[in-house]
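Trainee: Everything in the sequence shown is counted per this note's numbering, starting at 27 for the first residue and increasing by one.
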Amino acid sequence: MKVLNLATLILVIVGGLNWGLVGAFDFDLVAAIFGGQTAPLARVVYVLVGVSAIVQLGLLGAKRA
C-alpha cells in the first residue's frame with residue numbers, strides 16, 4: 027500500500043505541475059514530451075494522473091475514517 031500511495035502521489039504532483047504550466051504559460055509539458063495531447067502515450071499519462079487522484083482521494087478518506 028505504501029508503494030501505491032507514493033506512486034499515485036507522484037503522479038498527482040506531476041499532474042498538478044502540468045496544470046500549473048498550462049494555466050501560467052499555456053504550455054502542456056506532458057503533450058510536449060509525448061507528442062501532443064492526443065498521442066497515445068500522453069493519453070495514458072493523463073488517465074494515470076486522473077486515476078491517481080481518485081486513489082489519493084480514497085486513501086485520504088481511509089485515513090480520516
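We put the CB at the ideal spot given by N, CA and C, even for glycine.
Which class does Thr34 belong to by DSSP, given the choice of helix, strand or coil?
Mentor: Thr34 falls in the helix class under three-state DSSP.
Trainee: What is the DSSP secondary structure of Gly49, counted as helix, strand or coil?
Mentor: Three-state result, Gly49: helix.
Trainee: Compute the Euclidean distance between the alpha carbons of Leu86 and Ala50, then round it to the nearest angstrom.
Mentor: Approximately 28 Å, taken between the alpha carbons.
Trainee: Confirm, please, whether the CB-CB distance from Phe60 to Val71 is below 8 Å.
Mentor: Yes. Within cutoff.
Trainee: Starting from Ala88, trace the alpha helix (DSSP H) in both directions and tell me its first and last residue.
Mentor: Run containing Ala88: 66-90, per the alpha helix (DSSP H) assignment.
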